[in-house]
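S.K.:
Protein chains: 2
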Amino acid sequence: MNSQPSSKILDNIRQACGTCSLNSLCLPMGLSHEEMLTLDQLVKRQLIVNKGEYLFRMEHHFDYLYAIRAGSFKTFLVSEKGTDQITGFYLPGELLGFDGIEPGHHQVTAVALETSSVCQLKFDELLQIASKIQGLQRHLMAILSQRFNNQFTISVNHNAEQRIARFLLSLSERFKRRGYSADTFNLTMSRQEIGNYLGLANETVSRILAKFREQGILESHQREMHLLDLRALQMTACG
Amino acid sequence: MNSQPSSKILDNIRQACGTCSLNSLCLPMGLSHEEMLTLDQLVKRQLIVNKGEYLFRMEHHFDYLYAIRAGSFKTFLVSEKGTDQITGFYLPGELLGFDGIEPGHHQVTAVALETSSVCQLKFDELLQIASKIQGLQRHLMAILSQRFNNQFTISVNHNAEQRIARFLLSLSERFKRRGYSADTFNLTMSRQEIGNYLGLANETVSRILAKFREQGILESHQREMHLLDLRALQMTACG
DNA sequence: ATTATGCATTGATGTAAGTCAAATTGATAG
DNA sequence: CTATCAATTTGACTTACATCAATGCATAAT
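In the order they appear, the protein sequences are chains A and B. Here the first sequence stands for residues 0 to 238, where the numbers follow numbering that gives the first Met the number 0. Here the second sequence stands for residues 0 to 238, where the numbers follow numbering that gives the first Met the number 0.
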């Protein structure tokens, strides 16, 4: 089964992540800063995905997780009658592909929203390492559990305003954690895609953003977002 | 740190699960049938929770996962303005408590919907064992990933009929896997609770169940459910 | 520049589901 | 057996958001 000894695998991962500025986000508990110094295997594990291209497709075999180095992705599932349901947006430093673990093939399709760069991590190897490294195993489960919890943050019992406020705050939070501005960013998804994700019509998204502008909560032009009053946005999110 | 050697811990778990008819559901990949024969530590790890009692509470410290032996639970979070949001229902053979992994304290409160019996599993010990047993680690992640995926099965882009149809099918499916009838079962939750979970008013739940009755899709009286036409229900679920 | 093409915005109208209210049923206690 | 209380059902009315439609802007292609 495991032709590669796990210490060798571990070395490869160390090399791959050593110089990545995002390593603390992908696998924060797993590998100490000291462990990650060399980089020669990095390029081998790196992948460029152009805008609109698939990273993986629903029903295709599951082998890898992907850590986003740069860019962004959406995942969606295609329903019985052919309509898409967007299930998530993914930003730099975030892991994606977990949806394939169980039946062994992906439950969703992942598409790049802009030209993006990802690191490919063989899931089996990652698990092997996780069983060796204190905290990594737990961290992977934490990612999954948090993702599940957050799903209810943007949820069925919230109205359109609250959903959009929460969506913006979620993006803001995530950009901030990655060292980007928490109040000024470009959306890489359309109104249509936001609406689909939140269960709203794109017109509703547009109207509510207009309302937020009128209220002085934010400025926006097309996909440029500038949040002016995070506190007010939080109040709106709560209702 | 680990005063107990992991082989000792493993023995305890074996003993706890050896005679439980649900072991194949809780930890199917982890422990072979042969491994689980003795039972003397079982009672120690078993817990009875009466209807309406808490299994764990939001913001309380996270240490344990719970495997349901009998009964059922709901989990909910309390929003900023004090309203509840039900985040899940849990049936025999299912694990709950994962919500606490990340910040180290629970994100939701778990309440018994009827008198229930659960097994308490120390999460740290479970992880220790998972790193030893081929497949268990992966299985735990699979549970989490599936749960996340399923969240979109009952989702924002579906109307009231579809949500309720999907909810019933989900219950049916889960009862079936546990060896219970797939078409006849008692709901342990109120219309109010179903509505809260699905983002609908309890009146809407009531009305749509009435509609399903008229259509001959099911018979229901209070909380007794008898699904007559699973195929039709599936069609409704898809729209 | 000029036309195409897709996305965003804004307005007018319709509808699914929420809210409010009352009636019915069932469970529990006295 | 009757009273009480909660859950469910059903009806009348309201509303938030969807849908349909038209217009305004961008970016890209000619």
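Glycine included, each C-beta is placed from N, C-alpha and C at the ideal position. Just so you know, these numbers come straight off a predicted model, no measurement behind them.
1) For ASN148/B, which beta-bridge partners are listed by DSSP?
2) Rounded to whole angstroms, how far is the Cβ of ALA109/B from the Cβ of TYR53/B, which I believe are closer than 8 Å?
3) In this structure, how does DSSP classify THR108/A when only helix, strand and coil are distinguished?
4) Once the 5 residues before and after LEU227/B are set aside, which same chain residues still bring their CB inside 7 Å of it?
5) Cα separation between PHE88/A and ASN149/A?
6) Please confirm if PHE72/B has its CB atom under 8 Å from at least one CB of chain A.
7) Report yes if the C-beta distance between GLU113/A and LYS50/A is below 8 Å; otherwise report no.
8) Is GLN191/B close to chain A? Criterion is C-beta to C-beta, closer than 8 Å.
9) Report the partner residues of GLU218/A according to the DSSP bridge assignment.
10) Do MET224/A and LEU139/B have their C-beta atoms closer together than 8 Å?
11) Which bits of chain A does VAL155/B rub up against, with CB to CB less than 7 Å?
12) With DSSP run on the structure shown, which of helix, strand or coil describes SER189/A?
13) Based on the DSSP secondary-structure assignment, which residues constitute the bridge partners of THR183/B?
14) How about VAL155/B and LEU197/A: are their beta carbons less than 8 Å apart?
15) Tell me the residue span of the alpha helix (DSSP H) that contains ILE207/B.
16) Could you tell me the alpha carbon to alpha carbon distance between GLY81/A and LEU46/B, rounded to whole angstroms?
17) So which of GLN106/B, GLU192/B, LYS131/B and ALA164/B has the shortest CA-CA distance to ILE207/B?
18) On the premise that SER116/B lies in contact with ARG68/B, defined as a C-beta separation below 8 Å, what is that separation, rounded to the nearest angstrom?
19) Would you give the residue range spanned by the alpha helix (DSSP H) that LEU126/A belongs to?
20) Quick one: which chain B residues come within Cβ less than 9 Å of ARG165/A?
21) Quick one: grab the DSSP three-state call for ASP98/B.
22) Take PHE75/A and list the residues in its own chain whose beta-carbon comes closer than 7 Å to its own, dropping the five residues that flank it on each side.
23) In whole angstroms, what is the alpha-carbon distance linking PHE72/B and SER169/B?
24) Could you tell me whether the Cβ of PHE97/A comes closer than 8 Å to any Cβ of chain B?
25) Could you tell me whether the Cβ of THR203/A comes closer than 8 Å to any Cβ of chain B?
26) Check whether chain B comes within 8 Å of LEU126/A, counting only Cβ atoms and requiring the distance to be less than that.
27) Output the boundary residues of the beta strand (DSSP E) element that contains LEU76/B.
28) So does GLY92/A have its beta carbon nearer than 7 Å to some heavy atom of the ligand SAH?
29) Any beta carbon from chain A within less than 8 Å of ALA129/B's own beta carbon?
30) With 8 Å as the threshold, decide whether the Cβ of LYS80/A is near any Cβ in chain B.
31) Look up LEU197/B in the DSSP assignment and say whether it is helix, strand or coil.
32) Once the 5 residues before and after GLN136/B are set aside, which same chain residues still bring their CB inside 7 Å of it?
33) Can you give the Cα-Cα distance for PHE147/B and ARG146/A, rounded to whole angstroms?
34) Can you tell me whether CYS237/A is buried or exposed, with buried defined as 16 or more other CB within 10 angstroms of its CB?
35) Below 8 Å on the Cβ atoms is my contact criterion, and I expect LEU94/A with ILE142/A to pass it. Report the Cβ-Cβ distance as a whole number of Å.
36) I'd like to know whether the C-beta atoms of SER205/A and ARG190/A end up nearer to each other than 8 Å.
M.R.: Straight from the coordinates:
1) None, per the DSSP bridge assignment.
2) Between TYR53/B and ALA109/B the Cβ distance is about 7 Å, and since that is below 8 Å, they are a contact.
3) Looking at THR108/A - three-state DSSP - the assignment turns out to be strand.
4) Excluding sequence neighbours, LEU227/B sits near GLY215, ILE216, LEU217 and GLU218.
5) Distance between the alpha carbons of PHE88/A and ASN149/A: 13 Å.
6) It does not: the Cβ of PHE72/B has no partner Cβ on chain A nearer than 8 Å.
7) Yes, these two residues count as a Cβ contact at 8 Å.
8) For GLN191/B, the answer is no, since every Cβ of chain A falls outside 8 Å of its Cβ.
9) HIS225/A.
10) Cβ distance not < 8 Å, so MET224/A and LEU139/B don't count as in contact.
11) By Cβ distance, chain A contributes VAL155, LEU197 and GLY198.
12) DSSP places SER189/A in coil when its eight states are reduced to three.
13) For THR183/B, which the question treats as bridged, DSSP gives the partners HIS225/B.
14) Going by beta carbons, VAL155/B and LEU197/A fall inside the 8 Å limit.
15) Boundaries of the alpha helix (DSSP H) around ILE207/B: 201 to 213.
16) C-alpha separation (whole angstroms): 46 Å.
17) For the residues GLN106/B, GLU192/B, LYS131/B and ALA164/B, the minimum Cα distance to ILE207/B belongs to ALA164/B.
18) The C-beta distance from ARG68/B to SER116/B rounds to 4 Å, short enough to meet the 8 Å contact threshold.
19) Bounds of the alpha helix (DSSP H) holding LEU126/A are 122 to 129.
20) Ordered by position in chain B, no residue passes the 9 Å Cβ test against ARG165/A, which lies about 11 Å from the chain.
21) The three-state reading of DSSP puts ASP98/B in helix, counting H, G and I together.
22) Same-chain partners within the cutoff: ASP83, GLN84, ILE85, THR86, VAL107 and THR108.
23) Rounded to whole angstroms, PHE72/B to SER169/B spans 15 Å at the Cα level.
24) At a cut-off of 8 Å between C-beta atoms, PHE97/A counts as an interface residue with respect to chain B.
25) In terms of beta-carbon proximity, THR203/A stays away from the interface with chain B, with every pair separated by 8 Å or more.
26) Chain B contact via Cβ: present.
27) From DSSP, the beta strand (DSSP E) with LEU76/B extends over 72 to 77.
28) As presented, the structure is devoid of all ligands, the ligand SAH included, so that no description of it is given.
29) Closer than 8 Å to the CB of ALA129/B there is at least one CB belonging to chain A.
30) So, interface residue.
31) Under the three-state reduction of DSSP output, LEU197/B falls in the helix class.
32) Excluding five sequence positions before and after GLN136/B, the CB atoms of its chain that fall closer than 7 Å to its own CB belong to ALA129 and SER130, given in chain order.
33) Rounded to whole angstroms, PHE147/B to ARG146/A spans 7 Å at the Cα level.
34) Of the other Cβ atoms in all chains shown, fewer than 16 fall within 10 Å of the Cβ of CYS237/A; this residue is therefore exposed.
35) 6 Å between Cβ atoms; contact.
36) Yes, they are a contact pair.
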